[in-house]
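Residue numbers for the sequence shown follow the working numbering, beginning at 565 and rising by one.
For each residue, glycine too, the CB sits at the ideal point set by N, CA and C.
Reviewing the structure listed below.
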Amino acid sequence: MTVRAVVRGVGHYLPERVVPNAEFESFVDTTDEWIRTRSGIERRHFAAEGETTSQMACKAAEAALAQAGLTAGEIDAVIVATSTADLTFPSAATMVQDGLGMTAGFAFDVQAVCAGFVYALANANALIVAGQANRVLVIGAETFSRIMDWSDRATCVLFGDGAGALILEAGTGTGEASDRGVLSTDLNSDGRFRDILYVDGGVSTQSTGHLRMEGKEVFRHAVEKLAATAHAALGKVGLTGADVDWIVPHQANLRIIKATAQKMGVPMERVVVTVQDHGNTSAASIPLALSTGVARGQITPGQLIVTEAIGGGLAWGSVVIRW
């Protein structure tokens, strides 16, 4: 028998404040049409004043626990993927651990920007396969609205805040691609490209900084690398794009999503798209889309799901899951 990390539950949280594209027209040179045409985004959510990444992560975690019929005490580990943690330290994950009332187990953050949730899933899967944890709560949560340059029309309109959570639980399988659970992962990074997507501040530079991005370069790398990592992960278990029921991609830009699906040979009818409602929520975007896809009735047990993401670093990767 083969140990598999099986999805037990999902959940998400979005801040109350909804920001339509038209709101940006009052302070930056842009229009609703310009934003929709270039990104597919129509609206996004912004965290309220005083609302933090860990608080949103807790709410998403509570939703996932409720769907799974579990209590926080039945979770062995918490992994939070985020680039916008509340504090330099401690980790957002330990704050979530406390917020959920957990007094045992362990918790840590993963920072791979928009690819963070994919990296966190890969780590959670490894912990379960290695026998170090039976149930792992994996969360993506971000407050990117706190690092926007509101005078930069090319970036400030793209991002939003939110959190999504997924619970993986140890199960068994035959070792075949028909097994439920995480079937394969593929992780990559290349620091040579850090200057095309980064924040120009940090702890050792004594500043918070703002997000900076060379959009055309990011687009070029994204389409190529996302399709390649998805094919690599599928190839590890003898599958192709034709076997995929749903692509659940990082929700950064509708044009990237469409171009990647085309390269994979998967029609858009089999792609979960939420970018129009959430914008780019970085590490939160895939779990938000997974939870939304389940709530819509799109994602159902037994289906083959491919998640893929790319973010600053550059860091990118994919995970193949039988739901």
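- Task: Using 10 angstroms around the beta-carbon of residue 651, count the other beta-carbons present and answer buried if the total reaches 16, otherwise exposed.
- Result: exposed
- Task: Within the stretch 586 to 653, note down every full beta strand (DSSP E) run reaching 3 residues or more, in order along the chain.
- Result: Counting only unbroken stretches of 3 or more residues, the beta strand (DSSP E) elements lying wholly within the stretch 586 to 653 are 607 to 610 and 641 to 645, in sequence order.
- Item | Collapsed DSSP secondary structure at residue 715 in the structure displayed | Residue 715: coil per DSSP, three-state reduction.
- Where residue 805 falls: helix, strand or coil (DSSP): helix
- Please look up how many angstroms separate the CB atoms of residue 632 and residue 660, rounded, as I've assumed it's under 8 Å. Their Cβ separation, rounded to whole angstroms, is 16 Å, which puts residue 632 and residue 660 out of contact at 8 Å.
- Best match in 853, 829, 579 and 835 for proximity to residue 792 [C-alpha to C-alpha]: 829
- Close-in-space but distant-in-sequence residues of the same chain around residue 722 (CB under 7 Å, 5 per side omitted): 603, 605, 843 and 844
- residue 772, buried or exposed, once every other Cβ within 10 Å from all chains shown has been counted against 16: With fewer than 16 Cβ atoms within 10 Å of its Cβ, residue 772 is classed as exposed.
- State yes or no: is the C-beta of residue 760 within less than 8 Å of the C-beta of residue 781? yes
- Query: At what residues does the alpha helix (DSSP H) containing residue 855 begin and finish?
  - Reply: 849 to 860
- Report buried or exposed for residue 590, applying the criterion of at least 16 other Cβ atoms within 10 angstroms of its Cβ. exposed
- Could you check if residue 815 is buried or exposed, using at least 16 other CB atoms within 10 Å of its CB as the buried criterion? buried
- Straight-line CA distance for residue 747 to residue 886? 7 Å
- Item | Where residue 768 falls, given that 16 or more other Cβ within 10 Å makes a residue buried | exposed
- Under 8 Å, do residue 609 and residue 726 count as touching if we go by C-beta distance? yes
- Message: Judging by CA-CA distance, which residue of 701, 600 and 638 is the nearest neighbour of residue 584?
- Response: 600
- Item | 7 Å CB neighbourhood of residue 802 in its chain, flanking five on each side removed | 741
- Cβ-Cβ separation, residue 681 to residue 786 (assumed contact under 8 Å), whole Å: In fact, because the Cβ distance is near 16 Å, the residues do not count as touching under 8 Å.
- Which of helix, strand or coil DSSP assigns to residue 873: Residue 873 falls in the strand class under three-state DSSP.
- Query: Can you pull the DSSP bridge partners for residue 662?
  - Reply: Partner(s): none; residue 662 has no beta bridge.
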